[in-house]
Each structure stands twice: as structure tokens, then as C-alpha cells.
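Colleague:
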Amino acid sequence: MKYTQSTLDKLEAIPGEVGYVLRYERGTFQSGYCILEERKVVVLNKFLQTEGRINTLLDLIPQLDINTEILTEESKKLYLRIISKLETEDNDK
């Protein structure tokens with residue numbers, strides 16, 4: 001996956017399309033993000049660079065409750081790629 005602003009924009013769209021609010025805030029998040037489940041808010045560390053934001057979203061997205069029926073076709077393809085890659089990595093362990 002390329003570490004570009006375009007990739008970041010596509011990853012940011014996935015939580016947004018299913019009702020999560022994505023915010024960048026200051027904080028001492030150990031993992032670079034915080035999920036507030038009751039409010040469907042995801043807070044990412046605003047001091048992360050593009051590569052860090054992308055990696056954080058790649059770690060975060062599989063943990064969210066994502067209904068793929070709501071996603072646009074482009075977002076659905078990207079989401080399924082992320083999940084597939086995660087499953088492949090888990091099987092390799």
C-alpha cells in the first residue's frame with residue numbers, strides 16, 4: 001500500500017461511511033488512536049505523519065463494526081483487501 005494522501009483519504013472514508021466520526025486530536029494514545037464505541041468516534045493522534053496515520057488506520061479498521069453493505073464500491077474493495085491481508089498475516093503466524 002502506498003503512503004500517499006490519496007491512500008489516507010480512502011482509508012479515512014471507510015469509518016466515515018458507516019457512521020464513525022474521525023477526529024485528529026492531541027493525546028498520549030499508546031497505539032495512536034482511541035475508540036469511543038458508544039458515540040462511534042475514532043480519535044487519532046494528530047501528530048502522526050501520513051505514513052503513521054495510514055498504518056494506524058490499517059490497524060484500527062478491522063476492530064470497528066463495519067457493515068460492508070453501506071460502503072461505496074471503492075471503500076468495500078479496500079476494506080476487503082485490509083481484512084484479507086490481516087487474515088493472511090494471522091495464518092502465517
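Reading the sequence shown from the start, the letters are residues 1 to 93 in the working numbering. Each residue gets a CB set at the ideal place from its N, CA and C atoms; glycine is no exception. Only a predicted model underlies this, so the values are computations on that prediction, with no experimental measurement involved.
1) For Leu78, tell me which candidate among Leu57, Leu36, Glu89 has the shortest Cα-Cα distance.
2) Assuming Glu25 contacts Val43 under a Cβ cut-off of 8 Å, what Cβ separation, rounded to an integer in Å, is found between them?
3) Is Leu36 helix, strand or coil when you go by DSSP?
4) Roughly how many angstroms lie between the CA atoms of Leu60 and Tyr33, to the nearest whole one?
5) Are the beta-carbon atoms belonging to Ile54 and Thr88 less than 8 Å from one another?
6) Taking Cβ to Cβ, would you say Ser94 is nearer than 8 Å to Ala13?
7) For Tyr79, which three-state DSSP category applies?
Modeller: Reading it off the structure:
1) Leu57
2) 5 Å
3) It is a strand residue.
4) In this structure, the alpha-carbon of Leu60 lies about 8 Å from that of Tyr33.
5) no
6) Nothing can be reported for residue 94: it is not among the residues displayed for the chain, which extend from 1 to 93.
7) helix
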